[in-house]
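**Q** This is the structure, below, for whatever I ask next.
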């Protein structure tokens, strides 16, 4: 038997417990039936244990999503924690699936588990990556779309961590606008 | 009292004993 040093068994606790979800678009089932909780974790090592053993987002079939949300918040508009909120949306072009998507998603995950948003951590609900043939999307979901200053600070931090060039803007859309939109996209409440 | 981890700190554990 291998003798394991106690140091090897120490795990680093996270500020929040996070749950990873997976969505696969099976049109024969209800939307909610297609959304599955993979597992929840609350240490750095358990995050990596999960991340290292699931498929990279860029290799998922079109129509699939990964979501990482605080434990207890479901990755849907209807959840009590999400319904007054919105999301910062990063739209990727088709080329970026191979060049940027996995890096963007990992960086977003590290922002979440590492509490990169500092005092605004309570505004953060989670994030979702949508794999779609028409264009992949990364969304950072927040709790309250009316909190303008907080929302803008979160957007700026996200843009900084993803190293999105200054000249490229990203928009924030309230879930209530997205749910009632007439066209293909909801209006931006904020932009950075 | 909050647990903040920067990206470099988090990345060093990707291939840690407990993670693999």
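Protein chains in written order, with my numbering: chain G, 1135 to 1326; chain Y, 1454 to 1473.
Ideal Cβ placement from N, Cα and C applies to all residues, glycine included.
What you are looking at is a predicted structure, and each value in this text was computed from that prediction instead of being measured.
So, is the C-beta of residue 1174 (chain G) closer than 9 Å to a C-beta in chain Y?
**A** It does not: the Cβ of residue 1174 (chain G) has no partner Cβ on chain Y nearer than 9 Å.
**Q** Skipping 5 residues on each side, what residues in its chain have a beta carbon closer than 7 Å to that of residue 1147 (chain G)?
**A** The beta carbon of residue 1147 (chain G) sits closer than 7 Å to those of 1176, 1177, all from its chain and outside the five residues before and after it, given in chain order.
**Q** Taking all protein chains shown into account, do 16 or more other C-beta atoms lie within 10 angstroms of the C-beta of residue 1165 (chain G), making it buried, or fewer, making it exposed?
**A** exposed
**Q** In chain order, what residues of the same chain lie with their CB nearer than 7 Å to the CB of residue 1267 (chain G), ignoring the 5 residues before and after it?
**A** Its chain contains 1196 as the residues whose beta carbon lies nearer than 7 Å to that of residue 1267 (chain G), once the 5 sequence neighbours on both sides are disregarded; these appear in chain order.
**Q** I'd like the ranges of any beta strand (DSSP E) spanning at least 3 consecutive residues and lying wholly in the region 1168-1235 of chain G.
**A** 1169-1177, 1199-1204, 1220-1225
**Q** Using 9 Å as the limit for Cβ to Cβ distance, is residue 1181 (chain G) near chain Y?
**A** yes
**Q** What does the Cβ neighbour count give for residue 1137 (chain G), buried or exposed, with the cut at 16 atoms within 10 Å?
**A** exposed
**Q** If contact is defined by three or more beta carbon pairs under 8 Å, each pair taking one atom from either stretch, is the region 1175-1194 of chain G in contact with the region 1297-1316 of chain G?
**A** no
**Q** Might you give, ordered along the chain, the residues of its own chain that have their beta carbon closer than 7 Å to the beta carbon of residue 1313 (chain G), omitting 5 neighbours on each side?
**A** 1211
**Q** Give the interface partners of residue 1247 (chain G) over in chain Y, defined as CB-CB distance under 8 Å, in chain order.
**A** Listed along the chain, the chain Y residues whose CB falls inside 8 Å of the CB of residue 1247 (chain G) are 1458, 1463.
**Q** For residue 1145 (chain G), would you say it is in contact with chain Y, using Cβ-to-Cβ distances shorter than 9 Å as the test?
**A** yes
**Q** Using a Cβ-Cβ cut-off of less than 7 Å, list which residues of the region 1148-1174 of chain G approach chain Y; keep chain order.
**A** Cβ contacts with chain Y: 1148, 1149.
**Q** Using only the alpha-carbon positions, how far apart do residue 1172 (chain G) and residue 1202 (chain G) sit?
**A** Residue 1172 (chain G) and residue 1202 (chain G): Cα-Cα distance of roughly 10 Å.
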